[in-house]
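These notes concern the structure reproduced below.
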Amino acid sequence: MKSLEVALRALRESGTTALVPYFMAGATPDWIQHVAAAVHGGANAVEIGIPFSDPMMDGPVIQRAAERALAAGTTLESVCTELSGADLGVPLIAMTYYNLFHHRGLVRSTGLLSGAGVRGAIVPDLTIEESQEWREACAATDIATIFLVAPSTTAERFARLAAATEGFCYASARMAVTGRAEGGGDAQAVVASVRATSDVPTYVGIGITTARQAHDAARFSDGIIVGSALVETILNGATPADTEEFVSKFRHAIDQ
Amino acid sequence: MKSLEVALRALRESGTTALVPYFMAGATPDWIQHVAAAVHGGANAVEIGIPFSDPMMDGPVIQRAAERALAAGTTLESVCTELSGADLGVPLIAMTYYNLFHHRGLVRSTGLLSGAGVRGAIVPDLTIEESQEWREACAATDIATIFLVAPSTTAERFARLAAATEGFCYASARMAVTGRAEGGGDAQAVVASVRATSDVPTYVGIGITTARQAHDAARFSDGIIVGSALVETILNGATPADTEEFVSKFRHAIDQ
Amino acid sequence: MNQPPLYMDRPSPAGHFGDFGGRFVPEALMPACLELESAFVDAWSDPAFLEEYRTVLSEFAGRPTPITYLGRFSKQFGVEVYAKREDLAHTGSHKINNVVGQTLLTRRMGKTRVIAETGAGQHGVATATAAARLGLECTVFMGELDTQRQALNVFRMELLGSRVVAVTSGSRTLKDAVNEAMREWVTCVSDTHYCLGSVMGPHPFPWMVREFQSIIGVEAHDQLTRRGVATPDVVVACVGGGSNAAGIFAGFANTSARLVGVEAAGGAAVTNGSPGVLHGMRSMLIQDEQGQIEEAHSISAGLDYPGIGPEHAHLAASGRAEYVGIGDEDVLVALQTLSELEGIIPALESAHAVAWIMQEAGRAIPRGASVLLNLSGRGDKDVAQVREILRGRQ
Amino acid sequence: MNQPPLYMDRPSPAGHFGDFGGRFVPEALMPACLELESAFVDAWSDPAFLEEYRTVLSEFAGRPTPITYLGRFSKQFGVEVYAKREDLAHTGSHKINNVVGQTLLTRRMGKTRVIAETGAGQHGVATATAAARLGLECTVFMGELDTQRQALNVFRMELLGSRVVAVTSGSRTLKDAVNEAMREWVTCVSDTHYCLGSVMGPHPFPWMVREFQSIIGVEAHDQLTRRGVATPDVVVACVGGGSNAAGIFAGFANTSARLVGVEAAGGAAVTNGSPGVLHGMRSMLIQDEQGQIEEAHSISAGLDYPGIGPEHAHLAASGRAEYVGIGDEDVLVALQTLSELEGIIPALESAHAVAWIMQEAGRAIPRGASVLLNLSGRGDKDVAQVREILRGRQ
Ligand SMILES: Cc1ncc(COP(=O)(O)O)c(C=O)c1O
Ligand SMILES: Cc1ncc(COP(=O)(O)O)c(C=O)c1O
């Protein structure tokens with residue numbers, strides 16, 4: 008079992024619902040301070056987005072963040088260098104599209120991530136069917152591969168994905184790309200479907216934009232991922248202190 | 008034999024090569040003074056163009072004259088009224104397109120023309136094949152129907168057209184619409200073809216723009232028709248006195 | 077032993093259809109008309125020519141064009157409409173049928189050049205196309221106003237290697253382009269064929285163009301037969317000069333089908349015109365009390381012609397076909413309706429026929445009747461114009 | 077017992093063509109991809125579906141398209157060129173073949189709506205057309221830049237009853253429109269089919285679209301056989317995503333014909349690209365050293381795609397087909413040359429293939445060799461642009 012999963016299971020054992028904020032690396036020059044602030048604010052792990060030109064699974068906010076980061080010259084290498092110089096104290100989970108790893112070669116990519124202290128990877132366009140090579144490359148490292156499940160996922164796939172995912176299972180709250188909060192989500196049903204087949208920690212993301220939603224989702228899941236809502240404040244000029252406040256608000260809502 | 012032909016044959020007998028200038032009725036308010044001036048200048052007959060919206064056989068100058076005349080409200084009726092008030096002293100030959108007559112009815116049209124003293128009609132889009140009704144309508148009047156021949160006319164048609172034409176036979180100097188003077192004409196050959204089959208007076212027109220050309224054509228034909236060159240000077244502001252001078256220049260060139 | 081009259085047969089030797097047709101041209105052009113007539117008569121009975129004409133149409137121009145049953149449109153209007161898809165022919169309308177025939181004939185006559193008139197540019201583009209294929213020189217006359225309104229079609233013709241001459245006389249539109257083409261033809265008949273674009277002009281053009289277009293009706297009759305609707309109740313086509321209508325009528329002239337030609341209300345030569353002589357023919361024309369030809373006005377440039385082919389004048393006079401006028405507003409609605417319901421954007425010209433069906437379904441066309449619609453061309457050429465009009469209203 | 081490899085057969089169960097293809101999509105879309113795959117497999121072996129697909133193509137879309145022997149062009153360049161005339165298909169290109177298939181499948185799956193991406197608008201117009209015919213709701217995603225460059229095509233889609241969404245992310249062109257369509261699809265898979273426009277995307281799209289386009293090659297093979305040139309020496313097609321090329325190659329993949337795909341030099345995914353993952357597939361892509369996808373640049377919007385369908389990547393890797401790049405200048409000359417010599421104005425996309433023939437006749441194509449050219453579309457959509465370019469030079 009990868010260290011990420013060991014940590015997250017322990018967290019659950021301790022009765023804590025995980026809070027995992029998402030940051031786009033390089034979207035602002037001080038992005039890593041924001042990450043550190045989030046940890047102060049009560050994050051249990053952080054998702055580090057590595058910008059890709061064609062973020063098929065992301066809504067407008069994260070697209071904009073990625074464009075800014077790319078325009079600023081951010082690369083997988085630059086992100087890894089920055090991360091390896093920082094000591095953030097919580098597990099780091101990389102989130103990006105498969106082409107960045109594919110292009111560099113999987114062994115080289117996992118080496119880079121490992122060297123930067125990354126403990127998990129979310130690759131939303133990497134289906135379980137196509138993931139064998141990647142998982143083989145990760146096998147030699149401590150990087151957990153985290154799979155998503157969605158409201159459209161079928162029973163048979165829930166079983167396979169829950170069995171394959173490492174660290175936690177990422178449950179999409181709704182049929183949407185990141186940053187869309189409209190309409191009621193199916194998060195509870197999705198989480199239940201995972202639970203029916205596996206005891207892996209199950210976190211809810213995609214569509215959690217308010218502390219209230221985080222509070223509600225915390226009632227039936229093991230963790231909460233908040234992305235676009237936070238990224239948007241940062242794009243709009245939030246300081247690391249603002250980010251700390253944002254995260255601690257979510258922290259409190261979850262813990263209530 | 009229509010009186011026009013009697014007159015024109017007599018003219019030929021007298022050794023005179025006819026000069027027939029063309030005027031667009033209504034192109035200028037004083038158009039009829041121009042006609043009178045031309046008679047003073049030595050015209051033996053005049054062609055009176057009656058403006059039609061779609062003058063298929065005419066070049067740009069006469070088109071422009073027709074447009075002006077139409078814009079000024081010229082109609083077949085108005086032309087006939089003006090002509091019947093004038094005493095011009097030479098045979099008048101109407102020239103226009105068939106639709107104006109067709110539209111009014113042929114009997115009514117020939118009546119109008121006769122009443123105005125018109126003695127001949129040139130209808131360039133009325134083929135001999137389609138001319139029977141028209142000629143029947145003219146039969147009851149003294150209006151001569153003048154047919155054109157062209158360089159493309161075949162031997163068989165030369166014979167038929169020369170036999171059918173009344174007054175004179177109109178020989179196109181070149182394959183062109185009115186007002187085009189470029190290139191050498193075939194006038195002499197055309198005239199010869201008519202002469203080979205008939206002794207009807209044969210006049211050359213279409214493409215005679217200079218006194219020099221008139222002089223040359225007079226050597227082998229019975230008459231000269233000059234249209235666009237004269238109409239152009241009138242459109243450009245020539246006075247009746249200018250027209251008289253223009254015509255007498257041609258007169259002298261022909262008679263030399 | 078009363079034989080029923082045979083419609084759409086050969087005209088009289090002088091080119092008359094009843095009281096209409098004939099030849100009203102300068103003498104200079106008569107030999108060319110006669111030469112053309114005999115060349116056509118000869119070619120049209122020469123199996124080798126017929127074979128080549130048909131082969132070029134099928135291998136180059138995309139014939140046969142299909143018949144499309146307009147399912148959603150039919151349901152909405154309660155009649156059974158089949159569309160003959162001339163919009164799918166090369167260059168986007170039925171015009172190609174005629175120019176393929178005439179350019180082959182040009183070569184057969186030993187001529188090396190064609191001239192043509194064009195209004196919106198459809199016939200000009202078609203002529204330029206067929207001329208390019210055979211390596212014939214081509215000059216197209218187009219009213220100056222039209223060259224401005226249809227600048228892209230001017231460029232198309234130029235791309236195809238043709239020269240486009242802007243005609244500055246008269247109303248600077250289609251009828252003036254015809255005048256100018258005739259004038260030009262006078263100067264160059266020996267090596268040049270005048271490729272007229274509709275069933276108009278002096279004999280043999282109205283007959284010849286109808287024959288070259290009759291493939292539309294012949295195909296349609298055959299295609300409908302194979303679908304079990306051999307004789308539709310109504311055959312409808314738009315009418316400018318009348319070539320697409322003549323082409324489709326030719327397949328049904330001697331059947332029980334009602335034949336309906338739809339003119340633009342602003343250029344309805346049969347409804348609002350009177351007999352007259354223009355462009356080499358005696359036919360129905362729009363003219364003022366003086367006998368001066370009037371300008372036609374329509375949203376569709378291809379119907380902006382003040383006359384109609386003489387055979388149509390005859391079909392109208394004899395009662396064999398009916399002619400109706402449709403206004404611009406109804407045409408716009410018809411274009412939108414057919415686009416939305418069937419995924420076919422018709423030419424504005426063709427949309428006149430569509431509009432008539434929409435107007436008369438359940439009235440002059442009984443519910444459930446079968447209607448053959450000649451979809452003479454595609455609307456791509458018109459979308460910019462339609463867009464401007466509809467935007468102007470928002 | 078060495079069997080020669082069978083080209084353009086079914087991909088592996090996971091949708092791989094050799095090293096390429098597969099499915100790289102969000103989990104949310106996986107069930108839709110699987111549903112689509114099984115619906116397609118089912119339909120494609122159902123004689124009733126095949127019959128309907130073929131009937132709609134023939135009665136609505138104008139198939140079969142002819143093969144035109146390009147006589148004057150062939151003579152000038154010393155090779156025997158036959159053009160498959162997809163320019164004559166309804167809406168002006170081969171795109172209609174695919175959308176007819178996919179919209180019929182949409183209805184069969186019980187879905188009532190389609191979405192599509194489009195670059196220049198050809199696939200968008202085709203989708204809007206096929207959707208209108210079936211009464212399906214349709215939304216088309218188009219880069220904002222493209223909606224401005226191709227405003228008339230936006231209007232065409234609207235006329236056909238579709239909604240056009242301008243995509244403001246990324247480079248605001250085709251690849252961003254694909255991203256946005258995928259994002260939209262995530263939200264509405266239950267009632268909406270994503271009607272992808274080329275042999276790209278996740279399995280089963282590359283295979284399914286090739287199958288729907290293979291009618292081009294099947295017809296061409298049959299037509300050439302009837303003319304006595306069953307197997308041409310060379311088969312050449314332009315390649316954006318690669319659907320027209322895949323369609324025509326499919327008829328000749330297991331013959332001796334040389335297969336040549338012509339990419340835009342500024343978007344030559346095979347020549348200048350490297351393996352990568354984008355838009356649901358592993359294929360050849362243009363990307364920078366970081367693995368960020370680059371924008372393609374071409375005079376023809378339809379080839380402005382930074383990737384190529386995975387089956388082409390495989391055909392290239394296996395050596396069965398060659399891929400070459402042609403620059404904008406040569407394309408312009410080719411468009412003019414074909415127009416003047418043959419009376420066919422090709423789409424700028426298709427002109428890439430023409431240009432390659434002009435460049436290689438007597439070189440890579442031996443004198444006298446027979447060449448089958450896929451004329452994927454007509455140039456009408458491009459004449460305004462070409463005119464601007466050529467005028468800018470005078
Ligand atoms: C599509 C279309 N239909 C009809 C016409 C009218 O011509 P005709 O009446 O000769 O068919 C035109 C003329 O340009 C046209 O382009
Ligand atoms: C005429 C034409 N040809 C080719 C293409 C390129 O697509 P594909 O490579 O899928 O055939 C397009 C795309 O719009 C097109 O319009």
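Residue numbers (the numbering used here), protein chains in the order written: chain A, 8 to 263; chain B, 8 to 263; chain C, 77 to 470; chain D, 77 to 470.
Quick reminder that beta carbons are idealized off the backbone N, C-alpha and C, glycines included.
The model shown is predicted, which means the values in this text are computed figures rather than measured ones.
Amino acids of chain B, ordered along the chain, whose beta-carbon sits closer than 9 Å to that of residue i
{"i": "residue 348 of chain C", "result": "The contacting residues do not exist; residue 348 of chain C stays about 15 Å from chain B at best."}
{"i": "residue 265 of chain C", "result": "159, 182"}
Straight-line Cα distance separating residue j from residue i
{"i": "residue 212 of chain A", "j": "residue 232 of chain A", "result": "5 Å"}
{"i": "residue 184 of chain B", "j": "residue 25 of chain B", "result": "22 Å"}
{"i": "residue 95 of chain C", "j": "residue 162 of chain D", "result": "46 Å"}
{"i": "residue 110 of chain C", "j": "residue 133 of chain B", "result": "15 Å"}
{"i": "residue 312 of chain D", "j": "residue 159 of chain D", "result": "10 Å"}
{"i": "residue 337 of chain B", "j": "residue 374 of chain D", "result": "For residue 337 of chain B there is no data in the structure shown, the boundaries of chain B being 8 and 263."}
{"i": "residue 245 of chain C", "j": "residue 186 of chain B", "result": "15 Å"}
{"i": "residue 103 of chain C", "j": "residue 277 of chain C", "result": "15 Å"}
{"i": "residue 327 of chain A", "j": "residue 41 of chain A", "result": "The requested residue 327 of chain A does not occur in the structure, where chain A is confined to residues 8 to 263."}
{"i": "residue 354 of chain C", "j": "residue 287 of chain D", "result": "56 Å"}
{"i": "residue 116 of chain C", "j": "residue 336 of chain D", "result": "45 Å"}
Residue i beta carbon near ligand 1 (any heavy atom closer than 6 Å)
{"i": "residue 316 of chain C", "result": "yes"}
{"i": "residue 287 of chain C", "result": "no"}
{"i": "residue 359 of chain C", "result": "no"}
{"i": "residue 174 of chain D", "result": "no"}
{"i": "residue 198 of chain C", "result": "yes"}
{"i": "residue 423 of chain C", "result": "yes"}
{"i": "residue 235 of chain A", "result": "no"}
{"i": "residue 320 of chain C", "result": "yes"}
{"i": "residue 168 of chain D", "result": "no"}
Neighbour list for residue i in chain D, Cβ cutoff strictly below 8 Å
{"i": "residue 70 of chain A", "result": "245, 246"}
{"i": "residue 105 of chain A", "result": "100, 353"}
{"i": "residue 473 of chain C", "result": "Nothing can be reported for residue 473 of chain C, as the shown portion of chain C is limited to 77 through 470."}
Proximal residues of chain A, C-beta to C-beta of residue i below 9 Å
{"i": "residue 187 of chain D", "result": "Those do not exist, as residue 187 of chain D stays about 14 Å from chain A at its closest Cβ, beyond 9 Å."}
Rounded distance between the beta-carbons of residue j and residue i, thought under 8 Å
{"i": "residue 314 of chain D", "j": "residue 425 of chain D", "result": "5 Å"}
{"i": "residue 448 of chain C", "j": "residue 430 of chain C", "result": "At roughly 13 Å, the Cβ-Cβ gap does not stay under 8 Å, so residue 448 of chain C and residue 430 of chain C are not in contact."}
Amino acids of chain D, ordered along the chain, whose beta-carbon sits closer than 9 Å to that of residue i
{"i": "residue 164 of chain C", "result": "137, 138, 164, 165, 166"}
{"i": "residue 416 of chain C", "result": "208, 235, 236, 237"}
Contact test: residue i Cβ vs ligand 2 heavy atom, cutoff 6 Å
{"i": "residue 450 of chain D", "result": "no"}
{"i": "residue 453 of chain D", "result": "yes"}
Residue i classed as buried or exposed, judged by whether at least 16 other C-beta atoms fall within 10 angstroms
{"i": "residue 180 of chain C", "result": "buried"}
{"i": "residue 273 of chain D", "result": "buried"}
{"i": "residue 243 of chain A", "result": "exposed"}
{"i": "residue 85 of chain D", "result": "exposed"}
{"i": "residue 21 of chain B", "result": "exposed"}
Contacts that residue i makes with chain D (C-beta to C-beta distance below 7 Å)
{"i": "residue 268 of chain A", "result": "The shown model of chain A, from 8 to 263, leaves out residue 268 of chain A, and the question about it has no answer."}
{"i": "residue 133 of chain A", "result": "100"}
Residue i: contacting residues in chain B (beta-carbon distance under 7 Å)
{"i": "residue 262 of chain C", "result": "182, 183, 184"}
Under 8 Å from the C-beta of residue i: neighbouring residues of chain C
{"i": "residue 160 of chain B", "result": "103, 104, 106, 107"}
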